[in-house]
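Residue numbers (this note's numbering): 42 to 319.
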């Protein structure tokens, strides 16, 4: 990282995708990884860093509970599975965080939450109070009523909007790849990992594919670059790293990790609502 030490980061948002929370072979919840994630975030809190977790996974957990062996195709099915899975997902997070003497609280959001000035301010105030109380906010899209999953892109965009809303100075997106490559590494053996991006221009955007890596998540690399564009313009650094092993989180704060770092370049003309008017 470009920061001289971890003390430079005071508030961090970590986003983890559905595919990083389940076993690839079965699509069922990886409890060991969830417990390790809670430990990593708890350790960051012990370092004096305020942390917010943006977590996908409600539908994936609901699939397991209801015995679905495939991704649901209809919106009502998705929303029903999210309703079942969200409660279980949050109970798991609270249980694992409690092992490390931390408290977690659920924050469910929709696109309309961000668009409405009163609702957006209420969320901002609520999360500020949670931080003051030492509570770790666990944010997810409210899939039971929301129909904007494509726009939010498996919570990539949501995580960037949350970063902007709460004034985070670092956003970490954990995904199923090591970062941004010059080409799709699944198709091009010569693809090289880009370690640092100063600015997201047309050349950078042209490198990405919209094809997700699994049937569990919905966001491709383009949604992560859109998230980077939001986060960096709002004044936060951003890192894309592989969530296959969540211990990469402490490696990031020890400045010894594999991933792509996006440098913040605060834009005084940045307007959070402009990113939602689509």
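Just so you know, even glycine gets a beta-carbon here, dropped at the ideal spot from N, CA and C.
> Going along the chain, which unbroken runs of the alpha helix (DSSP H) with 4 or more residues stay wholly within the stretch 165–247?
Replying inline: 190–193, 197–207, 243–246
>> So, with DSSP's three-state summary, where would you put residue 149?
In response: strand
>> Which of the three DSSP states is assigned to residue 91 in this structure?
In response: strand
>> According to DSSP, residue 301 sits in a beta bridge with which residue or residues?
In response: 281
> How should residue 246 be labelled, buried or exposed, when 16 other C-beta atoms within 10 angstroms of its C-beta is the threshold for buried?
Replying inline: exposed
>> Can you list, in chain order, the residues of its chain with a C-beta nearer than 6 Å to that of residue 254? Leave out the 5 residues immediately preceding and following it.
In response: With a pLDDT of only 48 at residue 254, under 50, the local geometry of the prediction cannot be trusted, and the value read off the model is given with reservation. For residue 254, where only same-chain residues beyond five positions count, the Cβ hits under 6 Å are 217.
>> With a threshold of 8 Å, are at least 3 pairs of Cβ atoms found where one atom belongs to the stretch 167–174 and the other to the stretch 268–280?
In response: no
> By the 10 Å Cβ neighbour count, where 16 or more other Cβ atoms means buried, how is residue 91 classified, buried or exposed?
Replying inline: buried
> Under three-state DSSP, which class holds residue 97?
Replying inline: coil
>> Closer than 8 Å is the cut-off here; do at least three beta carbon pairs connect the stretch 125–137 with the stretch 200–212?
In response: no
> Short check: CB of residue 63 to CB of residue 85, under 9 Å?
Replying inline: no
>> Applying the 10 Å Cβ sphere with the 16-neighbour rule, what's the burial state of residue 206?
In response: buried
> Touching or not, the stretch 222–238 and the stretch 103–114, by the rule of three or more beta carbon pairs under 8 Å?
Replying inline: no
> Considering only residues of the same chain and omitting the five flanking positions on each side of residue 176, which have a CB-CB separation below 8 Å?
Replying inline: 144, 145, 146
>> Measuring alpha carbon to alpha carbon, tell me which residue in 302, 314, 284, 305 is nearest residue 71.
In response: 284
>> For residue 243, count the other beta carbons within 10 Å of its own beta carbon; 16 or more makes it buried, fewer makes it exposed. Which is it?
In response: exposed
> Which residues in the same chain have their Cβ closer than 7 Å to the Cβ of residue 45, if we skip the five residues on either side of it in sequence?
Replying inline: Unreliable positioning characterises residue 45 in this predicted model, as indicated by a pLDDT of 44, which lies under 50. A coordinate reading is not provided.
> Alpha carbon to alpha carbon, what distance is there between residue 157 and residue 300?
Replying inline: 35 Å
> Cα-Cα, which of 104, 198, 290 is closest to residue 298?
Replying inline: 290
>> On the DSSP letters alone, give me the boundaries of the beta strand (DSSP E) that residue 52 sits inside.
In response: 52–57
> The alpha helix (DSSP H) spanning residue 129 covers which residue range?
Replying inline: 116–140
> Going by the beta-carbon positions, is the gap between residue 306 and residue 236 smaller than 9 Å?
Replying inline: no
> Taking residue 149 as the reference, which of 161, 51, 105 has the closest Cα?
Replying inline: 161
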